[in-house]
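Accompanying notes for the structure given below.
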Amino acid sequence: MAKARVTADLPLAEMLGRAEGGRCPASLSEEGLYKSCRSSHRRRVSNTAEPTYFVLQEIDPATGSAVSEARICVLDLKKLSAVLGCSSTQLSGLWELNPGDLQRLGAISVPPCVPDPRFNRIESWHPVRETPYLVHTNFELPLMLEGRKPLAMFQDAYPTQWLKDTLKRFDPVVRSGRLVRRIVDTPFTEAERALFPGFRKWRRVFFALPGEEWRIEAFLLVSKVSAKTGWNEALERMEGSLLGYEDWQNDWWIEHRAGLPESARGK
């Protein structure tokens, strides 16, 4: 039976840990969790014998975010496909793991290792992991709970299951008053309704720390201006700052964004 494939080719967060020696450890410290690490490897999943990297993760069910990670290298993608229950060696996405999967993954890793039993998911490598700081994607909730991210925004056509699942994790925090939520819906045009018959509208959901609600209006203003003028570097910097990225991080992103997917930067 095929494994549950969580999603396909979503932007991933910054690498938090590495496999050392013969063991794939799980680092649970705050220092390990938010470690900034630049990698010299930029690899896509392929069916060649070149090094192909994947990331083992321990996912916190309360936040949906990784609390520990370790990178592994797998050369034989046919064996990896068999472990994951996939018919193709073109592996891109996320897969849930059980303890038996971890043992088999450790055996086919290069070098072989004994993965920490707390790992419960594997992700394919993504170019955004080249970023020398923690990209907020998939870390929005824990960063906001720590007071390190003042604003988060999620958007998609509505209704979509991933959006419902993501927002559900924020519900207890909103009810407790630790975060403020605002929903902005935009009706589909006639053309969009014809193109997406299973959906009704675009939905944007904002979360802000108390006292930072002004960032929502500022973000909406940036969107309004960009619709008139087109996107530019000034708007890119403003959006990044509103979302909680530091100036040097905005500088790096603008300098290197041409080599990264448009969806890579977290909101």
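Be aware that the sequence shown starts at 39, since it is given in the working numbering, and climbs by one per residue. Positions of the beta carbon are idealized from the N, C-alpha and C atoms, including for glycine.
Close-in-space but distant-in-sequence residues of the same chain around residue i (CB under 6 Å, 5 per side omitted)
{"i": "Arg219", "result": "Val212, Phe245"}
{"i": "Ser264", "result": "Leu273"}
{"i": "Phe257", "result": "Leu280"}
{"i": "Asp98", "result": "Val105"}
Cβ neighbour criterion (16 or more within 10 Å) applied to residue i
{"i": "Val128", "result": "Checking the sequence, you will find Gln at residue 128 rather than Val. By the neighbour-count rule (16 or more Cβ atoms within 10 Å), Gln128 is not buried but exposed."}
{"i": "Asp139", "result": "buried"}
{"i": "Arg231", "result": "exposed"}
{"i": "His164", "result": "buried"}
{"i": "Leu233", "result": "exposed"}
{"i": "Lys187", "result": "buried"}
{"i": "Glu96", "result": "buried"}
{"i": "Ala296", "result": "exposed"}
{"i": "Ala145", "result": "exposed"}
Identity of the residue in the options nearest residue i by Cα
{"i": "Arg156", "options": "Pro137, His174, Thr169, Trp163", "result": "Pro137"}
{"i": "Glu168", "options": "Trp269, Tyr91, Thr198, Glu178", "result": "Tyr91"}
{"i": "Glu184", "options": "Trp163, Gly282, Ile97, His294", "result": "Gly282"}
{"i": "Asp223", "options": "Gly215, Pro210, Leu233, Lys239", "result": "Lys239"}
{"i": "Leu205", "options": "Phe192, Leu259, Arg216, Gly215", "result": "Phe192"}
{"i": "Pro149", "options": "Phe177, Ser162, Ile110, Gln141", "result": "Ile110"}
{"i": "Leu115", "options": "Phe226, Ala296, Ser126", "result": "Ser126"}
{"i": "Ser214", "options": "Pro248, Ser119, Ala256", "result": "Pro248"}
{"i": "Asn176", "options": "Val105, Ala229, Ile221", "result": "Val105"}
{"i": "Ala100", "options": "Phe257, Ala296, Val263, Asp203", "result": "Asp203"}
{"i": "Gly236", "options": "Asn270, Thr198, Cys124", "result": "Thr198"}
Range covered by the beta strand (DSSP E) that runs through residue i
{"i": "Ser106", "result": "103–111"}
{"i": "Ser125", "result": "Taken as a continuous stretch (DSSP letters only), Ser125 belongs to no beta strand (DSSP E), as it is neither H nor E."}
{"i": "Ser147", "result": "Counting along the chain, Ser147 falls outside any beta strand (DSSP E), and DSSP gives it neither H nor E."}
{"i": "Asp285", "result": "Premise fails: Asp285 lies in the alpha helix (DSSP H), 285–294, not in any beta strand (DSSP E)."}
{"i": "Asp154", "result": "First-last for Asp154: undefined, no H or E at that position."}
{"i": "Val211", "result": "Looking at the DSSP string, Val211 is not in any beta strand (DSSP E); the run it does join, the alpha helix (DSSP H), is 199–213."}
{"i": "Glu134", "result": "132–134"}
{"i": "Glu96", "result": "91–98"}
{"i": "Leu281", "result": "From DSSP, Leu281 is part of no beta strand (DSSP E) but of the alpha helix (DSSP H) over 271–281."}
{"i": "Lys187", "result": "Where Lys187 is concerned, there is no enclosing beta strand (DSSP E), given that its DSSP letter is neither H nor E."}
Boundaries (first-last residue) of the alpha helix (DSSP H) holding residue i
{"i": "Val121", "result": "115–122"}
{"i": "Leu181", "result": "178–183"}
Nearest-angstrom beta carbon gap, residue j and residue i [assumed within contact, 8 Å]
{"i": "Pro153", "j": "Leu94", "result": "6 Å"}
{"i": "Ser342", "j": "Leu179", "result": "In this structure the chain extends from 39 to 305, so residue 342 is not present and cannot be described."}
{"i": "Leu181", "j": "Arg159", "result": "Not quite, the Cβ-Cβ distance comes to about 19 Å (not below 8 Å), so this is no contact."}
{"i": "Ile292", "j": "Leu189", "result": "Not quite, the Cβ-Cβ distance comes to about 19 Å (not below 8 Å), so this is no contact."}
{"i": "Ser133", "j": "Leu143", "result": "Here residue 133 is Trp; the residue named in the question, Ser, does not match the sequence. Wrong, their Cβ atoms sit about 10 Å apart, outside the cutoff."}
Cut-off 8 Å between Cβ atoms - residues of its own chain near residue i, not counting five sequence neighbours on either side
{"i": "Ser279", "result": "Asp285, Asn288"}
{"i": "Phe208", "result": "Leu179, Leu217, Arg219, Phe245"}
{"i": "Val260", "result": "Leu273, Met276, Glu277, Leu280"}
Beta-carbon contacts of residue i that lie in its chain and below 7 Å, excluding the five residues immediately before and after
{"i": "Asp8", "result": "Because the chain here runs from 39 to 305, residue 8 falls outside it and cannot be looked at."}
{"i": "Ser147", "result": "Ile110, Cys111, Val112"}
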